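Quick mapping for you: the protein sequence lines, in order, are chains C and R. For the first sequence, position 84 matches number 84 in full-length UniProt numbering, and the numbering has no gaps at all. For the second sequence, position 85 matches number 85 in full-length UniProt numbering, and the numbering has no gaps at all. Ideal placement from N, C-alpha and C gives every residue a C-beta, glycine not left out. Fair warning: this is a prediction, and the values are worked out from it, not measured in the lab.
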Amino acid sequence: MKHIISMLMENESGALSRVSGLFSARGYNIHALTVAPTEDETLSRLTLVTSGTEQEIEQIVKHLNRLIDVVKVLDLTEGAHIERELMLIKVAATGDMREEYKRLADIFRADIIDVTSTTYTIQMVGDSNKLDAFINILDSGLILETVRSGTMGILRGEKCLQLS
Amino acid sequence: MEMTGAQTLVHFLQDEGVEHIWGYPGGAVLPIYDALDTDATTLNHILVRHEQAAVHAADGYARSTGKPGVVLVTSGPGATNAVTGIATAYMDSIPMVCITGQVPTGLIGLDAFQEIDTVGITRPIVKHNFLVKDVNDLADTLKKAFYLATTGRPGPVVVDIPKDVQNAKSNYVYPQEVDIRSYLPVTKGHSGQIKKAVEMMLSAKRPILYTGGGVILGDASEELTTLTRKLGFPINQTLMGLGAFPASDPQALGMLGMHGTYEANLAMHHSDVIIAIGARFDDRVTGNLEKFCPDAKIIHVDIDPASISKNVIVDIPIVGPVKQVLTEMIQVLDNTKQEKDEAALADWWKQIEEWRATNCLRYDTTGSKIKPQAAMQAVWKSTNGDAYVSSDVGQHQMYAAQYYPFDKPRRWINSGGLGTMGFGLPAAMGVQMAHPDATSICVTGEGSIQMNIQELSTCLQYGLPVKIICLNNGFLGMVRQWQEFFYERRYSMSYMESLPDFVKLAESYGHVGVRIEDPKTMQTQLDEVFSDKYKDRLVFVDILTDQQENVYPMIPAGAGLNEMILV
Ligand SMILES: Cc1ncc(C[n+]2csc(CCOP(=O)(O)OP(=O)(O)O)c2C)c(N)n1
Ligand SMILES: [Mg+2]
């Protein structure tokens with residue numbers, strides 16, 4: 001099953017490679033990974049998407065906790081949460097397709113953020129399934145480039161992943 | 001006090017109570033070596049002949065004392081030579097701090113002379129590592145390094161110090177406190193779980209204690225012995241756990257696993273409750289996981305949550321320091337009204353005694369060749385079983401584990417996790433430094449000893465009277481054994497040709513060499529080696545043993561614990 005694991009780690013060079021090194025050394029897979037600083041400049045927030053049996057996920061969380069640079073770990077999938085991913089997709093847009101893309105963008109609540117005489121760049125936010133769905137309805141021959149941020153997530157309600 | 005980074009390091013180590021530091025100089029640590037010359041008062045530096053040996057020596061010191069081993073090497077090749085030693089310590093959770101020199105910060109990333117990404121190379125084989133970029137962080141970083149190395153599940157920590165940081169000045173104050181917000185080792189096991197565990201133990205019909213290196217690392221031998229005697233249960237020990245409970249006690253079934261005893265492995269296999277303490281269900285212990293202990297419920301005590309339910313799913317996990325958890329278990333046991341199932345236990349012991357009666361460690365004693373097993377037993381006799389025994393890796397390691405039973409913890413020093421040939425001699429040096437008056441033995445083979453033989457020179461320089469027992473079978477015996485069993489006796493590259501004359505070699509290094517070839521004179525020759533005559537001398541004992549001998553019992557890879565090959 002897919003799990004979204006979110007963590008706070010020391011904002012230090014090398015911290016990221018400890019996390020990614022753990023995954024490669026122990027043969028765990030990473031589907032997506034995103035990391036950026038937080039409002040507390042000593043911490044960065046890393047979210048990764050992985051999959052495995054319950055036992056594997058439990059081991060992953062334990063091993064992440066063992067890393068000295070990792071301050072807090074949470075498996076978001078265990079509770080109610082929101083997940084989002086950002087995608088930028090550049091498509092060949094000529095003739096009828098220019099109108100068609102606008103309609104599709106409306107339906108998916110996406111924005112066209114860059115236009116040339118032959119291309120559109122569309123920006124879209126949603127959970128990964130929604131982004132997949134959008135890609136699937138496009139004619140793959142017309143897709144010039146896709147960039148996805150990787151999933152990030154946050155707990156629903158008042159609960160937070162923060163230092164206690 | 002205002003001082004350089006190099007001086008800070010020396011002063012810190014002294015303030016931290018470090019007695020010995022094993023190392024080798026080079027360009028990127030020259031300021032530190034200079035500070036050792038000018039500032040060291042209580043700190044003693046030992047110059048080894050190869051950085052790998054520095055790490056193993058510090059490791060042997062750590063294993064035999066429980067104190068952290070400390071190492072100092074230069075950048076580049078100094079650091080890479082240390083890698084095998086660091087990995088060895090990591091796999092066996094040995095407390096260690098390894099200081100590595102680094103090129104000046106301004107040159108990092110430019111492929112400078114002797115630059116290597118030490119933090120990157122060592123990342124997967126350390127508990128943690130640091131690159132110190134500012135001299136003002138040095139003392140705090142060192143304090144963190146020692147704290148991390150020695151608390152929780154211990155392990156090696158590398159501190160990489162660029163040369164300009166060694167030269168830069170700052171105000172040194174010994175940091176009394178350490179704060180790492182992400183690191184809070186567990187200090188107490190869960191009382192509810194401990195109660196449940198004791199209930200499960202007492203209701204067991206076929207219980208077994210399965211204990212490992214964690215008991216020794218956690219200094220919990222005494223508690224383990226008390227608990228085991230109170231319970232009256234059989235106990236087996238892993239290769240890493242030998243000595244934590246006295247081998248001479250009738251409750252001890254010996255070592256389990258690939259070359260464990262028949263009684264230890266069968267008792268484990270047929271048990272209904274396993275009480276695992278500071279052991280990690282390593283594949284050399286469990287054999288084929290699918291066939292592992294089909295009827296057993298498992299209690300697992302370990303300081304490291306990640307060790308629990310890693311290979312085998314556990315019924316009652318208890319995360320905590322072994323010493324504290326065992327102490328609490330003993331209290332619960334003393335206060336409970338629940339009775340043991342004495343009748344079932346009597347049946348269980350009867351069964352175990354039947355297994356024990358197969359006398360699985362017997363071997364042929366009629367031939368004219370020296371049996372390696374007999375050699376280890378003779379060494380045991382000559383030393384009253386009271387020596388520190390550091391081992392290399394191979395058949396001789398297993399013979400030592402099987403035929404030199406230990407009654408005390410921290411006496412058996414071996415590379416169990418990584419299985420590093422070349423570990424034995426430097427480790428025995430570290431042990432000897434820690435215990436100058438004790439007998440420090442290195443049990444080795446003619447293959448392994450040549451992986452760090454240069455340390456004979458270090459032993460002479462520092463007057464370390466290590467006794468080297470080389471079980472010389474002319475083969476990479478453990479490799480030969482597997483080739484005999486699993487590769488139709490094609491002995492590919494396992495014959496050791498062109499061996500040196502070890503007696504002369506020892507003599508040329510300024511030591512004593514003794515050759516033993518005759519089973520009839522072996523005991524008297526060994527008695528002499530361990531007599532006062534050679535109290536202050538290193539003696540290299542080259543024992544020519546039966547080349548065809550194999551280690552038994554053996555569980556072939558992929559088999560279950562009940563599928564042992566006896567003799
Ligand atoms: C550094 C290293 N290289 C290779 C091995 C694989 N290996 C394990 S045992 C062994 C043979 C050891 O030979 P020797 O030291 O003569 O001991 P014996 O088995 O003959 O007692 C080898 C090559 C190892 N454990 N470590
Ligand atoms: Mg050999």
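>> Taking 7 angstroms as the limit between beta carbons, can you name the residues of its chain near R/A434, skipping five residues before and five after?
In response: Along the second sequence, read from residue 1 onward, the residue named residue 434 of chain R stands at position 434. Once the five neighbours on either side are set aside, the close Cβ partners of R/A434 are Y61, S64 and T65.
> With burial defined as no fewer than 16 other Cβ atoms inside 10 Å of the residue's Cβ, what is the status of R/E455: buried or exposed?
Replying inline: As a first step, residue 455 of chain R must be located in the second sequence, where it is residue number 455. Counting Cβ neighbours within 10 Å, R/E455 comes out buried, since at least 16 surround it.
>> I'd like the list of long-range same chain contacts for R/D15, defined as Cβ closer than 6 angstroms, with 5 residues on each side in sequence excluded.
In response: The sequence position of residue 15 of chain R within the second sequence is 15, counting from 1. So the qualifying residues of the chain are Y174.
> So does R/H396 have its beta carbon nearer than 8 angstroms to some heavy atom of ligand 3?
Replying inline: What this structure holds is ligand 1 and ligand 2, not ligand 3.
> Any C-beta of chain C sitting closer than 9 angstroms to the C-beta of R/V55?
Replying inline: Taking the second sequence and counting its residues from 1, one reaches residue 55 of chain R at position 55. Not one chain C Cβ lies under 9 angstroms of R/V55.
>> Quick check on the burial criterion: 16 or more other C-beta atoms within 10 angstroms. Buried or exposed for R/I565?
In response: Here the question's residue 565 of chain R lines up with position 565 in the second sequence. Classification of R/I565: exposed, given that the 10 Å Cβ count is below 16.
> For R/R515, which three-state DSSP category applies?
Replying inline: Against the second sequence, residue 515 of chain R aligns to sequence position 515. Strand, per DSSP.
> Can you name the start and end residues of the alpha helix (DSSP H) that R/M564 belongs to?
Replying inline: Within the second sequence, numbered from 1, the residue matching residue 564 of chain R stands at position 564. Run containing R/M564: none; DSSP gives neither H nor E here.
> Since residue 167 of chain C sits in a beta bridge, which residues does DSSP pair it with?
Replying inline: Shown here, chain C extends from 1 to 164; a query on residue 167 of chain C therefore has no answer.
> Is the shortest distance between the beta-carbon of R/R181 and the beta-carbons of chain C less than 9 angstroms?
Replying inline: Here residue 181 of chain R corresponds to residue number 181 of the second sequence, with the count starting at 1. By this cut-off, R/R181 is an interface position.
>> Under 8 angstroms, CB to CB, which of the residues in the stretch 148 to 176 of chain R have a partner in chain A?
In response: No chain A is part of this structure, whose protein chains are labelled C and R.
> Can you tell me where the alpha helix (DSSP H) with R/M268 in it begins and where it stops?
Replying inline: The residue you call residue 268 of chain R lines up with position 268 of the second sequence. Start and end: Y262 to H270.
> Cβ atoms of R/A428 and R/I468: under 9 angstroms apart, would you say?
Replying inline: Residue numbering aside, residue 468 of chain R sits at position 468 when the second sequence is read from its first letter. Residue numbering aside, residue 428 of chain R sits at position 428 when the second sequence is read from its first letter. Yes, these two residues count as a Cβ contact at 9 angstroms.
> Of all Cβ atoms in chain R, is any one closer than 9 angstroms to the Cβ of C/R66?
Replying inline: Your numbering for residue 66 of chain C matches position 66 in the first sequence. Judged by the 9 angstroms Cβ criterion, C/R66 is in contact with chain R.
>> For R/Y61, report the span of its alpha helix (DSSP H) as first-last.
In response: Position 61 of the second sequence, counting from 1, holds the residue named residue 61 of chain R. Start and end: E51 to T65.
> So, is R/K169 buried or exposed, given that buried needs 16 or more other C-beta atoms within 10 angstroms?
Replying inline: In the second sequence, residue 169 of chain R corresponds to position 169, counting from 1. Counting Cβ neighbours within 10 Å, R/K169 comes out exposed, since fewer than 16 surround it.
>> Between the alpha carbons of C/R148 and C/D139, how many angstroms are there, rounded?
In response: Looking up residue 148 of chain C in the first sequence gives position 148. Looking up residue 139 of chain C in the first sequence gives position 139. For C/R148 and C/D139, the distance between alpha carbons rounds to 18 angstroms.
> Regarding R/F475 and ligand 2, is the C-beta to nearest heavy atom distance less than 8 angstroms?
Replying inline: Position 475 of the second sequence, counted from the start, is the residue given in the question as residue 475 of chain R. Yes, the Cβ of R/F475 comes within 8 angstroms of a heavy atom of ligand 2.
> Whose C-beta lies closer than 8 angstroms to the C-beta of R/Q193 among residues of the same chain, with five residues either side of it excluded?
Replying inline: Walking along the second sequence from the start, residue 193 of chain R turns up at place 193. Same-chain partners within the cutoff: I316, P317 and I318.
> At what residues does the alpha helix (DSSP H) containing R/R229 begin and finish?
Replying inline: Translated into positions along the second sequence, residue 229 of chain R becomes position 229. Unbroken alpha helix (DSSP H) run through R/R229: S221 to L231.
>> At the 9 angstroms Cβ level, is C/V35 part of the contact set with chain R, yes or no?
In response: The sequence position of residue 35 of chain C within the first sequence is 35, counting from 1. Closer than 9 angstroms: no.
> How is R/Y495 classed by DSSP in three states: helix, strand or coil?
Replying inline: As a first step, residue 495 of chain R is located in the second sequence; it is residue number 495 there, counting from the start. Looking at R/Y495 - three-state DSSP - the assignment turns out to be strand.
> Helix, strand or coil: which one does DSSP assign to C/H31?
Replying inline: Here residue 31 of chain C is taken as the residue at index 31 of the first sequence, counted from 1. The answer is coil: DSSP assigns C/H31 none of H, G, I, E or B.
> Looking only at C-alpha atoms, which of R/C470, R/T327, R/D37 and R/G385 sits nearest to R/E222?
Replying inline: Within the second sequence, the letter at position 222 stands for residue 222 of chain R. Minimum Cα distance to R/E222 is reached at R/T327.
>> For a test of the three-state rule: what should DSSP assign to C/E99, helix, strand or coil?
In response: On the first sequence, position 99 is the one that residue 99 of chain C refers to. Helix.
> Apart from the five residues just before and just after residue 184 of chain C, which ones in its own chain have a Cβ nearer than 6 angstroms to its Cβ?
Replying inline: This structure cannot speak to residue 184 of chain C, because chain C is shown only from 1 to 164.
> Leaving out the 5 sequence neighbours to the left and right, which residues in its chain are closer than 6 angstroms to R/M421 when beta-carbon positions are compared?
Replying inline: As a position in the second sequence, residue 421 of chain R is number 421, starting the count at 1. Once the five neighbours on either side are set aside, the close Cβ partners of R/M421 are D392, V393, S448 and M451.
> Based on the DSSP secondary-structure assignment, which residues constitute the bridge partners of R/G445?
Replying inline: Within the second sequence, the letter at position 445 stands for residue 445 of chain R. Per DSSP, R/L471.
> For a contact meaning CB atoms closer than 7 angstroms, what does R/K310 contact in chain C?
Replying inline: As a first step, residue 310 of chain R is located in the second sequence; it is residue number 310 there, counting from the start. Correct list: Q59.
>> Taking 9 angstroms as the threshold (C-beta atoms), are R/V73 and R/Y24 in contact?
In response: In the second sequence, the residue the question calls residue 24 of chain R occupies position 24. In the second sequence, the residue the question calls residue 73 of chain R occupies position 73. The answer is yes: Cβ separation under 9 angstroms.
>> Counting only Cβ pairs nearer than 8 angstroms, list the residues of chain R close to C/Q55.
In response: The sequence position of residue 55 of chain C within the first sequence is 55, counting from 1. Ordered by position in chain R, the residues that pass the 8 angstroms Cβ test against C/Q55 are S309 and I313.
> Candidates C/L163, C/G153 and C/S164: which alpha carbon is nearest C/L46's?
Replying inline: Locating residue 46 of chain C in the first sequence gives position 46, counting from the first residue. Ranking the options by Cα distance to C/L46, first place goes to C/G153.
> Given that C/G52 touches chain R, what residues does it touch there, using C-beta distances under 9 angstroms?
Replying inline: As a position in the first sequence, residue 52 of chain C is number 52, starting the count at 1. Chain R residues near C/G52: none, gap ~13 angstroms exceeds 9 angstroms.
> In chain order, what residues of the same chain have a beta carbon less than 7 angstroms from the beta carbon of R/R49, not counting five sequence neighbours either side?
Replying inline: As a first step, residue 49 of chain R must be located in the second sequence, where it is residue number 49. Contacts found: Q454, E455, S457 and T458.
> If you draw a straight line from the C-alpha of R/D295 to the C-alpha of R/I313, how long is it?
Replying inline: Locating residue 295 of chain R in the second sequence gives position 295, where the first residue counts as 1. Locating residue 313 of chain R in the second sequence gives position 313, where the first residue counts as 1. Straight-line Cα distance between these residues: approximately 13 angstroms.
> By how many angstroms is the C-alpha of C/I60 removed from the C-alpha of R/M200?
Replying inline: Locating residue 200 of chain R in the second sequence gives position 200, where the first residue counts as 1. Locating residue 60 of chain C in the first sequence gives position 60, where the first residue counts as 1. Each residue's Cα considered, the two are about 29 angstroms apart.
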